[in-house]
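Sequential numbering from 0 applies to the sequence shown in numbering that gives the first Met the number 0.
Note that the Cβ used here is the ideal one computed from N, Cα and C, for glycine as well.
These notes are about the structure you will find just below.
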Amino acid sequence: MGMILKKSFITSLAVVSLTYAVSLQEIIQTAKENSPVLKQKSIEIKIQDAVEKQKKAERFGEVDIFGAYNRYEGSRILYPISIPLNPQSVVGAKNQFIGGISYSVPIFTGFQIKKSIEIAGLGKKLKEIRYRLTKNEIIYNIKVLYLKILSLQKQKKALETYRNSLQELYKNISEMVKVGRKPEVDLLKVRYDLENVNASVQEIENNINSLKESLKALSGKEDLDLSTLEEVSLSSKYPEINLLQNVEKLDSIKQIYLQEKINRKKIQIAKGEYLPKIFLKASAQRNMGNDEYKDLWQISINITYNLFDFGRRKQSYIENRLRLLKTKQQEKDIKLSLISKIKDAVNKIKTAEAKIRAKEKQISFAKEVEKIEKAKYEEGVSELYNYLYAKSQLYMAKSLYYQALYDKEMAVSYLQYLLEEYEDE
């Protein structure tokens, strides 16, 4: 008895493992963890973070150690001497060693370092926004592929039901042919339709397999088990939109604003090129030779000012001004394009809803027509063609109904994508 229960338990586990269906959210989570595209974007954020820290470090200057070995043809003075001269204090050596340490720090650079730090910070925010936008795009693409597969599976199931019906009809007609109630040509007509259905089923199966491979590529996991997909809950509503309010808050617009800020600061850097630059430098060194040494130190402030550069600074300023103007035009273009796409998405949802209502009615009508044509054919008052056509129209209507259902869901997903509602998924 215990052995029987054990076998039954193992069998149940096997059935459960075979019928496990992967969900849309599981695939999305897999993509977040494994997508090479997202990992690249994540690395870009870290790179920009390193750039920002690098720019901040420039404010503190740098410390260098230096050294030199010089050999001369004759003795050279080892270290500078001061007035009054004392010949006995002059020390010379052919072989001289110099070692020391220096520290240089920028005091004023025309605000270039300050603006570079600010640009690096804005650049990091820009990379973070582009990471989110990329994630949203991947999630949307995964959802579309997932819905297309579910849609094709429903259409395939409808065709398989139609094929089973044709096979059953073939058997019935075979019996009628044997007793002389129906002509043998009717069997050929059914066989003809069966071949068409088989080809359609195979085509859908191939399309499903191709979509699954694309889904694996997006998830970043080649061995992802997509043999069974979990059904999704179809949306009954779609997001409410306030175009002027929503568009301004979207990352796709925010990234343009950030780029504008970056370009403005680059213009300020270009203007800073016309200002002088001031550096503080301090150094300490030891000069050695003939067992003698002298420790020396100095502090200096260096000021440089570029009087003429043959138009380099001017062209740099013009370049950055033009980049800013280009970004402003991009902002207008993206806003108009985004508003147009949002309106188009809403229209697609409404179109899909109209198709769903139409297909529901068509299915109801097709059922009645198929029922009537079946009775007429069995009574011998109508051709088989009419019955087969009515049957095919019924299953075609069912197939298109499923397609319309998932088309609406994809349209809703597209609107959610445009409104960036996948951020926290």
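Q: Decide if the stretch 373-388 is in contact with the stretch 107-121; the criterion is three or more beta carbon pairs, one per stretch, under 8 Å apart.
A: no
Q. Helix, strand or coil for residue 12 per DSSP?
A. What you label residue 12 is simply residue 13 of the sequence shown in a count that begins at 1. For residue 12, the predicted model reports a pLDDT of 36, less than 50, meaning its position is unreliable; a value from the coordinates is still stated below. Helix at residue 12.
**Q.** Beta-carbon contacts of residue 262 that lie in its chain and below 8 Å, excluding the five residues immediately before and after
**A.** Here residue 262 corresponds to residue number 263 of the sequence shown, with the count starting at 1. Correct list, in chain order: 319, 322, 323, 326.
**Q.** Inter-residue spacing [alpha-carbon to alpha-carbon] between residue 223 and residue 40
**A.** Along the sequence shown, one-based indexing puts residue 223 at 224. Along the sequence shown, one-based indexing puts residue 40 at 41. The alpha-carbon atoms of residue 223 and residue 40 are separated by roughly 23 Å.
Q.
Short of 6 Å in beta carbon distance, which residues of its chain neighbour residue 144, apart from the five on each side in sequence? Order them along the chain.
A. On the sequence shown, position 145 is the one that residue 144 refers to. Excluding positions up to five away in sequence, the list reads 210, 213, 214.
Q. Would you say residue 93 and residue 75 are within 9 Å of each other, going by their C-beta atoms?
A. Stepping through the sequence shown from its first residue, residue 93 is reached at position 94. Stepping through the sequence shown from its first residue, residue 75 is reached at position 76. It is a contact, given that the beta carbons lie within the stated cut-off.
Q) Can you pull the DSSP bridge partners for residue 57? A) Along the sequence shown, one-based indexing puts residue 57 at 58. Partner(s): none; residue 57 has no beta bridge.
Q) Which same chain residues, not among the five before or five after residue 245, have their C-beta less than 7 Å away from its C-beta? A) Residue mapping note: residue 245 aligns to position 246 of the sequence shown, counting from 1. Closer than 7 Å at Cβ, skipping near neighbours: 418.
Q | Three-state secondary structure assigned by DSSP to residue 195 | A | Counting from one through the sequence shown, the residue named residue 195 turns up at place 196. In the structure shown, residue 195 sits in a helix (DSSP, three-state: H, G or I).
Q. Once you ignore the five residues that flank residue 375 on each side, which residues in its own chain have a CB closer than 8 Å to its CB?
A. Counting from 1 along the sequence shown, the entry for residue 375 is found at position 376. Answer for residue 375: 381, 385, 386, listed in chain order.
(Q) Let me confirm a value: residue 68 is counted as buried when at least 16 other C-beta atoms fall within 10 Å, else exposed. Which label applies? (A) Position 69 of the sequence shown, counted from the start, is the residue given in the question as residue 68. The residue is exposed, with fewer than 16 neighbouring Cβ atoms inside 10 Å.
Q. Just reading off the alpha helix (DSSP H) that residue 364 is part of, what are its end residues?
A. Locating residue 364 in the sequence shown gives position 365, where the first residue counts as 1. Counting along the chain, the alpha helix (DSSP H) containing residue 364 begins and ends at 311-377.
Q: Kindly give me the distance between the Cβ atoms of residue 295 and residue 286, rounded to whole angstroms, as I take these residues to be in contact under 8 Å.
A: If you number the sequence shown from 1, residue 295 lands on position 296. If you number the sequence shown from 1, residue 286 lands on position 287. 7 Å between Cβ atoms; contact.
(Q) Check whether the stretch 350-362 and the stretch 118-136 are in contact - that is, three or more C-beta pairs closer than 8 Å. (A) no
Q. What's the gap between the Cα of residue 299 and the Cα of residue 37?
A. The residue given as residue 299 occupies position 300 in the sequence shown. The residue given as residue 37 occupies position 38 in the sequence shown. Taking the straight line from one Cα to the other gives about 50 Å.
Q) Would you say the stretch 145-154 touches the stretch 394-405, given that touching needs at least three Cβ pairs under 8 Å? A) yes
Q. Unbroken alpha helix (DSSP H) runs of length 4 or more, entirely within the stretch 206-281: which are they?
A. 242-248, 250-271
Q. Quick one, are the C-beta atoms of residue 157 and residue 394 less than 9 Å apart?
A. Position 158 of the sequence shown, counting from 1, holds the residue named residue 157. Position 395 of the sequence shown, counting from 1, holds the residue named residue 394. Contact: yes.
(Q) For residue 34 and residue 154, I'd like the C-alpha separation in whole angstroms. (A) Residue 34 sits at position 35 when you count from the first residue of the sequence shown. Residue 154 sits at position 155 when you count from the first residue of the sequence shown. Cα-Cα distance, rounded: 30 Å.
Q. Do you know whose CA, among 108, 109, 107, 78, lies nearest residue 96's CA?
A. Translated into the one-based positions of the sequence shown, residue 96 becomes position 97. Answer by Cα proximity: 78.
Q: Give the single residue among 383, 208, 370 whose Cα lies nearest to the Cα of residue 188.
A: Here residue 188 corresponds to residue number 189 of the sequence shown, with the count starting at 1. With distances taken between Cα atoms, residue 188 lies closest to 383.
Q: Mind the definition here: the stretch 250-265 touches the stretch 128-137 only if three or more C-beta pairs lie below 8 Å; say whether that holds.
A: yes
Q. What's the gap between the Cα of residue 372 and the Cα of residue 24?
A. Counting from one through the sequence shown, the residue named residue 372 turns up at place 373. Counting from one through the sequence shown, the residue named residue 24 turns up at place 25. If I take the Cα positions, the gap works out to 46 Å.
Q) Apart from the five residues just before and just after residue 259, which ones in its own chain have a Cβ nearer than 8 Å to its Cβ? A) Translated into positions along the sequence shown, residue 259 becomes position 260. Correct list, in chain order: 323, 326, 327, 330.
Q. Whole-angstrom Cβ separation of residue 273 and residue 312, contact assumed at under 8 Å?
A. One-based indexing of the sequence shown puts residue 273 at position 274. One-based indexing of the sequence shown puts residue 312 at position 313. Confirmed, about 6 Å.
Q | Close Cβ partners of residue 413 (< 6 Å) along its chain, the five nearest in sequence each way excluded | A | Mapped onto the sequence shown, residue 413 falls at position 414. Correct list, in chain order: 344.
Q: Look up residue 69 in the DSSP assignment and give the residues it is bridged to.
A: Within the sequence shown, the letter at position 70 stands for residue 69. Paired residue(s): 95.
Q: May I have the straight-line CA-CA distance separating residue 220 from residue 370, to the nearest angstrom?
A: Taking the sequence shown and counting its residues from 1, the one referred to as residue 220 is at position 221. Taking the sequence shown and counting its residues from 1, the one referred to as residue 370 is at position 371. Their Cα atoms are separated by approximately 49 Å.
Q: Look up residue 35 in the DSSP assignment and give the residues it is bridged to.
A: As a working note, residue 35 is residue 36 in the sequence shown. DSSP, once it has assigned bridges, lists no residue as partnering residue 35.
Q: Could you tell me the boundaries of the beta strand (DSSP E) in which residue 292 lies?
A: Walking along the sequence shown from the start, residue 292 turns up at place 293. Per DSSP, residue 292 belongs to the beta strand (DSSP E) from 291-303.
Q) Under a Cβ-count criterion, where at least 16 other Cβ atoms within 10 Å of its own Cβ denotes burial, should residue 346 be classed as buried or exposed? A) Looking up residue 346 in the sequence shown gives position 347. That one is exposed.
Q: Please check if any C-beta of chain C sits within less than 9 Å of the C-beta of residue 399.
A: The question asks about chain C, but that chain is absent: this structure has only one protein chain.
Q: Can you tell me which of the three DSSP states residue 115 falls into?
A: Against the sequence shown, residue 115 aligns to sequence position 116. Three-state DSSP puts residue 115 in a helix.
**Q.** Cutoff 7 Å; reference residue 411; Cβ partners in own chain excluding five residues on either side
**A.** Against the sequence shown, residue 411 aligns to sequence position 412. Excluding residues within five positions, the ones whose Cβ falls inside 7 Å are 234, 237, 348.
Q. Does the distance from the C-beta atom of residue 276 to that of residue 108 stay below 9 Å?
A. Locating residue 276 in the sequence shown gives position 277, counting from the first residue. Locating residue 108 in the sequence shown gives position 109, counting from the first residue. Going by C-beta atoms, residue 276 is nearer than 9 Å to residue 108.
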